[in-house]
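Accompanying notes for the structure given below.
2 protein chains.
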Amino acid sequence: MKKLAELLPGKISTAKEDLLCYGFDASGLEVAPSAVAWPQSTDDVVKILTFAHSNDVPVIPRGAGSGMTGGSVPSKGALVLSLEKMNRILEIDKDNMSVLVEPGVINGRLQRELERQKLFYPPDPASMNFCTIGGNVAENAGGPRAVKYGVTKDYVMGVEAVLPDGRVINTGVKTAKGVVGYDLTRLIVGSEGTLAVVTKVRLRVLPLPEDVITLLALFNDEVRAGEAVKHILAQGIIPRTLEFLDRETIHAIENYRPTGIPKDIEALLIIELDGHPQSITKEAEKVSGAIRKLQGEVTMAEDEAAREKIWNARRAISPALYHLKPTKINEDIVVPRSSIPEMLNILRRLSGETGITMVNFGHAGDGNIHVNIMVDKSNKEEYEKGLKLVKEIFRATLELGGTISGEHGVGLTKAAYINMEIPPAELDLMKKIKSVFDPKNILNPGKIFP
Amino acid sequence: MKKLAELLPGKISTAKEDLLCYGFDASGLEVAPSAVAWPQSTDDVVKILTFAHSNDVPVIPRGAGSGMTGGSVPSKGALVLSLEKMNRILEIDKDNMSVLVEPGVINGRLQRELERQKLFYPPDPASMNFCTIGGNVAENAGGPRAVKYGVTKDYVMGVEAVLPDGRVINTGVKTAKGVVGYDLTRLIVGSEGTLAVVTKVRLRVLPLPEDVITLLALFNDEVRAGEAVKHILAQGIIPRTLEFLDRETIHAIENYRPTGIPKDIEALLIIELDGHPQSITKEAEKVSGAIRKLQGEVTMAEDEAAREKIWNARRAISPALYHLKPTKINEDIVVPRSSIPEMLNILRRLSGETGITMVNFGHAGDGNIHVNIMVDKSNKEEYEKGLKLVKEIFRATLELGGTISGEHGVGLTKAAYINMEIPPAELDLMKKIKSVFDPKNILNPGKIFP
Chain A
830 MKKLAELLPG KISTAKEDLL CYGFDASGLE VAPSAVAWPQ STDDVVKILT
880 FAHSNDVPVI PRGAGSGMTG GSVPSKGALV LSLEKMNRIL EIDKDNMSVL
930 VEPGVINGRL QRELERQKLF YPPDPASMNF CTIGGNVAEN AGGPRAVKYG
980 VTKDYVMGVE AVLPDGRVIN TGVKTAKGVV GYDLTRLIVG SEGTLAVVTK
1030 VRLRVLPLPE DVITLLALFN DEVRAGEAVK HILAQGIIPR TLEFLDRETI
1080 HAIENYRPTG IPKDIEALLI IELDGHPQSI TKEAEKVSGA IRKLQGEVTM
1130 AEDEAAREKI WNARRAISPA LYHLKPTKIN EDIVVPRSSI PEMLNILRRL
1180 SGETGITMVN FGHAGDGNIH VNIMVDKSNK EEYEKGLKLV KEIFRATLEL
1230 GGTISGEHGV GLTKAAYINM EIPPAELDLM KKIKSVFDPK NILNPGKIFP
Chain B
830 MKKLAELLPG KISTAKEDLL CYGFDASGLE VAPSAVAWPQ STDDVVKILT
880 FAHSNDVPVI PRGAGSGMTG GSVPSKGALV LSLEKMNRIL EIDKDNMSVL
930 VEPGVINGRL QRELERQKLF YPPDPASMNF CTIGGNVAEN AGGPRAVKYG
980 VTKDYVMGVE AVLPDGRVIN TGVKTAKGVV GYDLTRLIVG SEGTLAVVTK
1030 VRLRVLPLPE DVITLLALFN DEVRAGEAVK HILAQGIIPR TLEFLDRETI
1080 HAIENYRPTG IPKDIEALLI IELDGHPQSI TKEAEKVSGA IRKLQGEVTM
1130 AEDEAAREKI WNARRAISPA LYHLKPTKIN EDIVVPRSSI PEMLNILRRL
1180 SGETGITMVN FGHAGDGNIH VNIMVDKSNK EEYEKGLKLV KEIFRATLEL
1230 GGTISGEHGV GLTKAAYINM EIPPAELDLM KKIKSVFDPK NILNPGKIFP
């Protein structure tokens, strides 16, 4: 490691405080690395990987560490490769509707820069104000707007990346289309930093929608809220967000930091429409009609402040939950959206049977439910009950035709469950692809595959 | 082969007329196979591949044979596996906005079935009335609507496929999101039948747009047509199609089957807007304004008949071209759309220098230009001049940051050029991925990689 530090003066640290700071992510897992590197260019990344490759040092690429499944938690003896200093927006090409960025660019910063130029980058993970584009690419991040606009993979046109042995590759095209050879870009997106270290990302951007309308719908009955979602979508309306919060989530927020939402309601929807002002006004009328027909109460945010108030409630969920119980086991299952009511029933039943509180909210439009199993890790019995519940929930999810992760990835926390979803032949192909990119298994080892 | 015929009675032929019929595709290349198989189920495909794998027989998967690059042209001794009889639409799931189809379903048939239910599958290759969804998946087919709606890969949620050794895999998810493991789906889409034989495809569908407006714009100056494209897009309008035809294309059509387009114009745009009636009416006004400002003449198709007339001209291009010269060398380069005028200038210059007619049309919105080099194959000198031109055109395309194929794939005809675009490290990864799926190299051998 000393040799590497000499190669990259000032960019490598083995100081205890750095090893502590870079030893964990939002999953709560923690393993101290042996060193931390802050490359500032592709060339630096090449040097680091070339060194690691010849010396068999595991390398853990890292963005902001906001991942939920331990994807950037080090293995023992590993070198953390933090991309945070490669944070330049290199090009905004309005003519061709694309941008070129370094991986350390914060998602929210990119959003703001683009909006100033009337451009729009849709993926908006809840952590958008601190998560990086590189991390988003590694995890194929989603967000509330995915129902209309898709997820990160739908916007990555190509990447520059460094292979574990230090070779630089360029994938994809600068053009809207391209079908020459296999799609290495899509293979790298969502590979959780196990195939290559992304050093540049070309993203497709859209024109900024002309206008946005935000609606808040309150229901005394969860089933009716589910029906409302169905009715809205059946009319051919695709809102840009369609979020739901269950009773427990609403209680948690209102007990933590009251926002004025009545506590006696059973479900809440946040619906956002974007596009041409006239057409979304018409859509908002249709949506409101569908909600009222199902005895829901609907209000429209009249201005930016009212809109912010609604979204602040949504963003208060995570901190609020920690006031319920010290530990949240946080899953992000997806079911076909028509099965959401059934899945919520199953979750409620499991909660009743085990006496463990579960808080559910998520993206109703695409069937993505954030299930939070609230326990106390120091209470061993309760914690293990919680972990057992995870398996039950995954089983039910898969039976309904769903997936065990819609946004968070597998990382460390879900690696033990991956074979519940991916059969042996497919898993075998994936592992062999990993070997093609990383025959020495030095890049983010132990992630995804158990 | 006799043994296989016994295993699948009535589904295998070695009759001369079948070998002839299944020996070529739209590329014009021709090699007779040793047999043709028409499986009717996944199980049949498993039997065929298991047999081929143990007997080292090359297998060439085939849809309708409308591919332009020889992707389904047999190699010597090969077995053609025609998926045309696996042509059922298995499920239209309106609640979850997806459909499940067999690979032999004709694209246009699916479009019509969906429209009846107010649903919409955007990818619309020019061959949509006979090409199959399986072929579309193999080639990652595009079409005029790609500028707004993307291409096939943007709609494939998952596939069932048979590996070359006969194992069945299922990739992707039935849900809108899913990030568990590597994206095998996207790897298979566009792999030109070299990795696995797709036996079922789950496609995402959209609500049918409420209304469509079709505009025809005529220009006396090609540069101004290019400027118009830029102005339309710069206003944040994304038409669902934005096609352009150059002077030579217009002449070819009007000499072949007159549609009433004045022959003295230099360029033509077909612009289609879709969405809410009010918002597209507004958009159409803006588009018309931009065209008139650049001295273009614009007319709006008042009804379905007028719209059809416009599109008939567009669809008459291919047959019309054969009246110019017996052989067309057909390329589908893509450049960043801001570089279209520059690319058209280069093409004109090359045509002038060589004396070879080139006819250019394509998808201006995404920079995809169909370059047709018109020659006579029986005139050896002229044909070789034409082939030399291809290389020049590819070089210029790549220099402008483009790609040598936007829709047609590499197949046989572009295999010799792939290393102009894909550098050695990336090509090495692709070949190793091919070996992971197909270690015996029995599936569509010789395609993509030279």
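Top line first, the protein sequences correspond to chains A and B. First residue of the first sequence? That's 830 in my numbering, and the numbers climb one at a time after it. First residue of the second sequence? That's 830 in my numbering, and the numbers climb one at a time after it. Think of the CB as a built atom: it goes at the ideal place given N, C-alpha and C, for glycine as much as any other residue.
Worksheet entry | Near-chain B residues of the region 1056-1074 of chain A (beta-carbon distance less than 9 Å), N- to C-terminal order | 1059, 1062, 1063, 1064, 1065, 1066, 1067
Item to complete: Check each candidate in B:1103, B:1182, B:920, B:915 and name the one with the smallest Cα separation from residue 1033 of chain B.
Response: Your numbering for residue 1033 of chain B matches position 204 in the second sequence. The residue with the shortest Cα to Cα distance from residue 1033 of chain B is B:920.
Discussion item. To be precise: take each residue of the region 1186-1215 of chain B, compare its Cβ to all Cβ atoms of chain A, and keep it if any distance is under 9 Å. Which residues remain?
Written reply: 1192, 1194, 1195, 1196, 1197
Item to complete: Find the residues of chain B that neighbour residue 1083 of chain A, judging by a C-beta separation of less than 7 Å, and give them in chain order.
Response: For this step, residue 1083 of chain A is matched to residue 254 along the first sequence. The contacting residues do not exist; residue 1083 of chain A stays about 29 Å from chain B at best.
Worksheet item: So, using beta-carbon positions, are residue 1243 of chain B and residue 1009 of chain A closer together than 9 Å?
Response: As a working mapping, residue 1243 of chain B is identified with position 414 in the second sequence. As a working mapping, residue 1009 of chain A is identified with position 180 in the first sequence. A contact, by the Cβ cut-off of 9 Å.
Discussion item. Based on DSSP bridge pairs, tell me the residues matched to residue 1129 of chain B.
Written reply: As a working mapping, residue 1129 of chain B is identified with position 300 in the second sequence. Answer is B:1044.
Discussion item. Within the continuous beta strand (DSSP E) that includes residue 1197 of chain B, where are the two ends?
Written reply: For the purposes of this step, residue 1197 of chain B is identified with residue 368 of the second sequence, where counting begins at 1. Looking at the DSSP string, the run of the beta strand (DSSP E) that includes residue 1197 of chain B is 1197-1204.
Worksheet entry | Between the CA atoms of residue 859 of chain B and residue 957 of chain A - distance to the nearest angstrom | Counted from its first residue, the first sequence places residue 957 of chain A at position 128. Counted from its first residue, the second sequence places residue 859 of chain B at position 30. About 54 Å.
Discussion item. As an exercise, report each continuous beta strand (DSSP E) stretch of at least 3 residues that is fully enclosed by the region 1054-1112 of chain B, in chain order.
Written reply: Whole beta strand (DSSP E) segments, 3+ residues: 1070-1075, 1096-1104.
Worksheet entry | Assigned exposure category for residue 870 of chain A - 16 Cβ within 10 Å defines buried | On the first sequence, position 41 is the one that residue 870 of chain A refers to. It counts as exposed.
Discussion item. Measuring straight from C-alpha to C-alpha, what distance separates residue 874 of chain B and residue 1026 of chain B?
Written reply: Walking along the second sequence from the start, residue 874 of chain B turns up at place 45. Walking along the second sequence from the start, residue 1026 of chain B turns up at place 197. Distance from the CA of residue 874 of chain B to the CA of residue 1026 of chain B, rounded to the nearest whole angstrom, comes to 8 Å.
Worksheet item: Which chain B residues are close to residue 1107 of chain A, counting only those with a beta carbon under 9 Å from its beta carbon?
Response: By 1-based counting over the first sequence, the position of residue 1107 of chain A is 278. Near residue 1107 of chain A (Cβ distances below 9 Å), the residues of chain B are 1105, 1107, 1108, 1111.
Discussion item. So if I threshold CB-CB distances at 8 Å, which residues from the region 1149-1178 of chain A count as touching chain B?
Written reply: 1163, 1164, 1165, 1166, 1167
Discussion item. I'd like to know if residue 1235 of chain B contacts chain A, where contact means its C-beta is closer than 9 Å to some C-beta of that chain.
Written reply: What you label residue 1235 of chain B is simply residue 406 of the second sequence in a count that begins at 1. Yes - at least one Cβ of chain A is within 9 Å of the one on residue 1235 of chain B.
Practice prompt. Mark residue 1080 of chain A as exposed unless 16 or more other C-beta atoms lie within 10 angstroms of its C-beta, in which case mark it buried.
Written response: Position 251 of the first sequence, counted from the first residue, corresponds to residue 1080 of chain A. When all chains shown are included, residue 1080 of chain A counts as buried.
Worksheet item: When DSSP labels each residue in this structure, what does residue 891 of chain A get in the three-state scheme?
Response: Position 62 of the first sequence, counted from the start, is the residue given in the question as residue 891 of chain A. Here residue 891 of chain A sits in strand by DSSP.
Worksheet item: Just the Cα atoms here: how many angstroms apart are residue 1131 of chain B and residue 1077 of chain B?
Response: In the second sequence, the residue the question calls residue 1131 of chain B occupies position 302. In the second sequence, the residue the question calls residue 1077 of chain B occupies position 248. Residue 1131 of chain B and residue 1077 of chain B: Cα-Cα distance of roughly 27 Å.
Item to complete: Could you tell me which residues DSSP pairs with residue 1187 of chain A in its beta bridges?
Response: For the purposes of this step, residue 1187 of chain A is taken as the residue at position 358 of the first sequence. According to DSSP, residue pairing for residue 1187 of chain A in a beta bridge involves A:1202.
Worksheet item: Would you report the Cα separation of residue 996 of chain B and residue 899 of chain A, rounded to the nearest angstrom?
Response: Walking along the second sequence from the start, residue 996 of chain B turns up at place 167. Walking along the first sequence from the start, residue 899 of chain A turns up at place 70. Approximately 33 Å, taken between the alpha carbons.
Item to complete: Report the three-state DSSP secondary structure of residue 1367 of chain A (helix, strand or coil).
Response: The structure shown does not extend to residue 1367 of chain A, since chain A is modelled only from 830 to 1279, so the question has no answer here.
Item to complete: Determine, using beta carbons only, whether residue 1267 of chain A comes closer than 9 Å to chain B.
Response: Position 438 of the first sequence, counted from the first residue, corresponds to residue 1267 of chain A. Residue 1267 of chain A does not count as touching chain B.
Practice prompt. Report the neighbours of residue 968 of chain A on chain B: residues whose CB is nearer than 9 Å to its CB, in chain order.
Written response: For the purposes of this step, residue 968 of chain A is taken as residue 139 along the first sequence, with counting starting at 1. Simply 1008.
Worksheet entry | Any non-hydrogen atom of the ligand COA closer than 8 Å to residue 973 of chain A Cβ | Among the ligands in the structure shown, none appear at all, so the ligand COA cannot be discussed.
Worksheet item: According to DSSP, is residue 922 of chain B helix, strand or coil?
Response: As a working mapping, residue 922 of chain B is identified with position 93 in the second sequence. Note: residue 922 of chain B maps to strand in three-state DSSP.
Item to complete: Would you mind working out which of B:966, B:1190, B:1018 sits nearest residue 1055 of chain B, comparing C-alpha positions?
Response: Reading the second sequence from its first residue, position 226 is the one you call residue 1055 of chain B. Selection B:966, B:1190, B:1018 evaluated against residue 1055 of chain B yields B:1190 as nearest (Cα-Cα).
Practice prompt. Return the chain-ordered list of same chain residues with a C-beta closer than 6 Å to the C-beta of residue 1129 of chain B, the five sequence neighbours on each side being excluded.
Written response: One-based indexing of the second sequence puts residue 1129 of chain B at position 300. Result list for residue 1129 of chain B: 1044, in chain order.
Practice prompt. Could you please give me the residues that DSSP links to residue 1036 of chain B through a beta bridge?
Written response: The count along the second sequence starts at 1 and reaches residue 1036 of chain B at position 207. B:948.
Worksheet item: How would you call residue 913 of chain B, buried or exposed, if buried means at least 16 neighbouring beta carbons within 10 angstroms?
Response: Counting from 1 along the second sequence, the entry for residue 913 of chain B is found at position 84. Looking at its Cβ environment, which holds 16 or more other Cβ atoms inside 10 Å, residue 913 of chain B is buried.
Discussion item. Distance check for residue 1102 of chain A and residue 1068 of chain A, CA to CA, integer angstroms please.
Written reply: Taking the first residue of the first sequence as position 1, residue 1068 of chain A is located at position 239. Taking the first residue of the first sequence as position 1, residue 1102 of chain A is located at position 273. Between residue 1068 of chain A and residue 1102 of chain A, the C-alpha separation is close to 5 Å.
Practice prompt. Let me know if residue 977 of chain A comes out buried or exposed under the rule of 16 or more other beta-carbons within 10 Å of its beta-carbon.
Written response: What you label residue 977 of chain A is simply residue 148 of the first sequence in a count that begins at 1. With 16 or more other Cβ atoms within 10 Å, it is buried.
Worksheet item: So what's residue 1120 of chain B in DSSP terms, helix, strand or just coil?
Response: The residue you call residue 1120 of chain B lines up with position 291 of the second sequence. If DSSP states are grouped into helix, strand and coil, residue 1120 of chain B belongs with the helices.
Worksheet item: Which runs of the alpha helix (DSSP H) fall wholly inside the region 845-892 of chain A and span at least 4 residues, in chain order?
Response: 845-850, 871-883
Discussion item. Here's the rule I'm using: 16 or more other beta-carbon atoms within 10 Å means buried, otherwise exposed. How should residue 1280 of chain B be labelled?
Written reply: No statement about residue 1280 of chain B is possible, as the shown extent of chain B runs from 830 to 1279 and does not include it.
Item to complete: Output the distance between the C-alpha atoms of residue 905 of chain B and residue 1156 of chain B, rounded to the nearest integer angstrom.
Response: Position 76 of the second sequence, counting from 1, holds the residue named residue 905 of chain B. Position 327 of the second sequence, counting from 1, holds the residue named residue 1156 of chain B. For residue 905 of chain B and residue 1156 of chain B, the distance between alpha carbons rounds to 25 Å.
Worksheet entry | Residues bridged to residue 998 of chain A (per DSSP) | The residue labelled residue 998 of chain A in the question sits at position 169 within the first sequence. DSSP, once it has assigned bridges, lists A:990 as partnering residue 998 of chain A.
Practice prompt. Give the residues of chain A in contact with residue 925 of chain B, contact being defined as C-beta atoms less than 7 Å apart.
Written response: Within the second sequence, numbered from 1, the residue matching residue 925 of chain B stands at position 96. Per Cβ cutoff of 7 Å: 1165, 1166, 1167.
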